[in-house]
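Numbering-wise (full-length UniProt numbering), the sequence shown opens with residue 1 and increments by one. Step one of this worksheet: look at the structure below.
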Amino acid sequence: MLTGKQKRFLRSKAHNVDPTFQIGKAGINDNMVAQIQDILENRELIKIHVLQNNFEDKNDLAQSLSDATRSDIVQVIGSMIVLYKESQDNKQIQLP
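Written out as structure tokens, the structure reads:
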């Protein structure tokens with residue numbers, strides 16, 4: 001679980017990150033979860049854009065993705081979800 005200070009640090013890092021994934025009206029599937037896990041392992045911090053044609057609650061989507069990928073939710077703002085997961089093999093981000 002991330003502390004408030006760590007979340008602030010990660011939010012500042014995520015500011016310059018481009019969205020890696022988009023969630024449309026089809027929602028979340030197993031293939032998407034597997035791809036997100038791979039990218040989290042490589043980058044640790046990713047942004048996911050929820051498209052307007054997806055009518056699910058963004059907080060619910062973020063929680064589902066967080067649970068499925070065992071990552072932490074850094075922020076849900078507007079149509080963006082920011083996730084963080086510490087990498088096992090190529091750690092890049094040093095949390096405060």
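Even for Gly, the Cβ is constructed at its ideal location relative to N, Cα and C. Predicted, not measured: the structure shown is a model, and the values here were computed from it.
Bridge partners - residue i, DSSP secondary structure assignment
i: residue 75; result: 82
i: residue 47; result: 19, 82
Residue environment, residue i, which counts as buried when at least 16 other CB atoms sit within 10 Å
i: residue 3; result: exposed
i: residue 71; result: buried
i: residue 26; result: exposed
i: residue 44; result: buried
i: residue 17; result: exposed
i: residue 62; result: buried
Interface flag, residue i vs chain D, CB-CB below 8 Å
i: residue 47; result: Going by chain labels, chain D is absent from the structure shown, which holds only one protein chain.
Contact check, residue i vs residue j, beta carbons under 8 Å
i: residue 81; j: residue 95; result: no
i: residue 40; j: residue 46; result: yes
i: residue 93; j: residue 69; result: no
i: residue 10; j: residue 74; result: yes
i: residue 42; j: residue 90; result: yes
i: residue 108; j: residue 24; result: Past the edges of the chain, shown from 1 to 96, lies residue 108, and the structure says nothing about it.
i: residue 6; j: residue 51; result: no
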